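Below is one structure, written out as C-alpha cells; the observations come after it.
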Amino acid sequence: LLINGVAGFQVPLSVGGAQICPIISAGAGFGPNDIDGAGTKFSSHAVSFALSAGGELLKSQSLTLVPAFSFGFVYQAASFEEAFTTSTETDTYVSAGATLGIVLSERLSIRPNVTVPIGLDGAKPVYGVGFSLNYGGRR
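Next comes the structure, spelled out in C-alpha cells:
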C-alpha cells in the first residue's frame, strides 16, 4: 500500500504569463510484509520540496504547449524489520525535471515528463506520461 499527497500553488510572474509553483509532497509505503518468507516487513516514506516554473509557449485554437521545469530536494527512507532487528536506509538528493503539457482541448491534456535524480548513486532518469481529463466547467 502506498499513500501519497501533493500540494502546491501557482504564483504568476510578471514575465509573459510565466508562473512559478512551490510544491511539497509526502508519501508512505507499507509492505510487503513477508519479503523472504521469514516475516521480514518493509516500509518506506519520502518527503520532497520543489519549485516548478513554466508557461504557455504556443497557443492556437486546437493546441497549447506548456513547458515546465522543476528543481527539488528529496528525502526518502526504507526500513526492513526482522524478528529482532530493524535497519533503515536513507537518501537525500536533488531532483531535476522537465514536462511538456500538451493541451488538446478544454477537457484533455497530456504531459510527457522526465525526472533526473542528481546525487543518488546508481539512479537513472524516470520517464512518465500523465493524462488529465477536465469534467468541470470553466471557472
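Residue numbers for the sequence shown follow this note's numbering, so the first one is 48 and each next one is one higher. Cβ coordinates follow ideal geometry from the N, Cα and C atoms, glycine included. Quick caveat, the model's predicted, so the values are computed rather than measured.
Only residues of its own chain outside the window of five on either side were considered, and among them Arg158 have a CB closer than 6 angstroms to the CB of Gly177, listed in chain order. Under the three-state reduction of DSSP output, Tyr122 falls in the strand class.
By the criterion of at least three beta-carbon pairs nearer than 8 angstroms, the segment 103-119 is in contact with the segment 140-159. Nearest to Glu103 by alpha-carbon distance, out of Phe96, Val94, Pro79, Phe116, is Phe116. Closest in C-alpha terms to Lys171, from the list Cys68, Leu155, Ser156, Gly144, comes Gly144.
Within a 10 Å sphere around the beta-carbon of Gly101 sit 16 or more other beta-carbons, which makes this residue buried. Cα atoms of Val62 and Asn160: separation of roughly 24 angstroms, rounded to the nearest angstrom.
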